[in-house]
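What follows is the structure, given as structure tokens:
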């Protein structure tokens with residue numbers, strides 16, 4: 089058999105208990121809505137406030153765009169499926185969901201590394217900051233992030249599309265994920281599973297380690313040259329470090345844990361799907377005085393515009 093006979097996959101979801109379904113629906117809907125609204129506000133503020141037209145906020149706005157796309161890949165269907173008895177997704181819908189999850193996730197990994205580089209240049213080489221992080225260079229980093237993300241995703245799925253799926257078609261999850269999908273193939277997929285773990289696992293762990301080392305190096309450099317500036321640098325970098333830990337924690341568990349089919353990974357997936365995109369704007373706005381001032385300025389400008397119109 090060299091073609092798929094499975095036309096759809098059925099999700100078991102998180103739970104069938106009504107006592108949990110209702111709070112889960114409210115929780116997911118509120119956090120998804122807050123994630124979209126919070127990230128949109130960041131993009132809107134950075135776009136219309138000239139004081140935020142700098143490399144750091146350009147990258148932050150693009151991180152918010154990526155978060156809006158990322159949480160929209162799985163969260164809306166999960167929310168719609170909570171009360172359904174038959175939670176199904178088509179074969180190509182499942183493949184599409186996996187493709188964009190890995191593509192956007194890979195893009196965010198590279199963008200977070202770019203943001204760490206931006207902070208290194210700003211803190212360690214302030215006189216050359218605008219020269220190094222020029223608009224052309226920022227655009228280059230952004231395009232490179234998307235290219236790497238799509239290549240990372242395509243390399244995995246090119247081997248999966250032609251796999252034979254002849255049943256069963258049950259996925260013990262609320263979304264399509266590559267390790268679970270491979271276990272449903274009607275052929276030996278140990279080689280592909282190893283490739284996926286190497287591709288996604290090593291990229292996740294490698295990127296996380298690289299980011300941690302870079303932040304430690306930045307803090308050490310600041311402390312070495314000015315002990316008084318280390319507190320300010322730590323405050324600046326703490327938001328970035330928090331986002332890195334929240335984003336990479338679940339990913340490293342999915343692709344490096346010996347038993348990825350445990351129930352724990354489903355709940356961690358919710359964390360990655362709706363909570364992390366919600367926490368990113370909260371972390372960046374609450375710990376950034378300039379962002380909060382700009383948001384108030386944009387709000388006042390909109391209020392005045394409404395009065396005039």
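Numbering (the working numbering), first residue to last: 89 to 397. We put the beta carbon where it would ideally sit given N, CA and C, even for glycine.
Every unbroken beta strand (DSSP E) inside the region 165 to 199 [3 residues or more]: 175 to 178
What does the Cβ neighbour count give for residue 155, buried or exposed, with the cut at 16 atoms within 10 Å? Counting from one through the chain shown, the residue named residue 155 turns up at place 67. When all chains shown are included, residue 155 counts as buried.
Where residue 262 sits in the DSSP three-state scheme: Locating residue 262 in the chain shown gives position 174, counting from the first residue. Residue 262 falls in the coil class under three-state DSSP.
When the Cβ atoms of the region 201 to 209 are set against those of the region 283 to 293, are three or more pairs found closer than 8 Å? no
With DSSP as the reference, identify every bridge partner of residue 96, one or two as the case may be. Position 8 of the chain shown, counted from the first residue, corresponds to residue 96. 178, per the DSSP bridge assignment.
Measuring CB to CB, does residue 167 end up less than 8 Å from residue 116? Along the chain shown, one-based indexing puts residue 167 at 79. Along the chain shown, one-based indexing puts residue 116 at 28. In contact: residue 167 and residue 116 (Cβ atoms closer than 8 Å).
Residue 141, enclosing alpha helix (DSSP H) - first and last residue: Locating residue 141 in the chain shown gives position 53, where the first residue counts as 1. Where residue 141 is concerned, there is no enclosing alpha helix (DSSP H), given that its DSSP letter is neither H nor E.
Residue nearest to residue 332 in terms of C-alpha spacing, selected from 297, 312, 181: Taking the first residue of the chain shown as position 1, residue 332 is located at position 244. Cα-wise, what sits closest to residue 332 is 297.
Identify whether residue 380 lies in helix, strand or coil by the three-state DSSP scheme. In the chain shown, counting from the first residue as 1, residue 380 sits at position 292. Correct three-state label for residue 380: helix.
Three-state secondary structure assigned by DSSP to residue 137: If you number the chain shown from 1, residue 137 lands on position 49. DSSP places residue 137 in coil when its eight states are reduced to three.
Specify the secondary structure class of residue 274 as computed by DSSP and reduced to three states. Your numbering for residue 274 matches position 186 in the chain shown. Residue 274 falls in the coil class under three-state DSSP.
Short check: CB of residue 229 to CB of residue 192, under 8 Å? In the chain shown, the residue the question calls residue 229 occupies position 141. In the chain shown, the residue the question calls residue 192 occupies position 104. Result no, Cβ atoms of residue 229 and residue 192 do not sit closer than 8 Å.
Outcome for residue 219 when other beta-carbon atoms lying within 10 angstroms are tallied against a minimum of 16: Locating residue 219 in the chain shown gives position 131, where the first residue counts as 1. Flag for residue 219 reads exposed.
Beta-carbon contacts of residue 202 that lie in its chain and below 7 Å, excluding the five residues immediately before and after: The sequence position of residue 202 within the chain shown is 114, counting from 1. So the list reads 147, 229, 233, once near-sequence residues are dropped.
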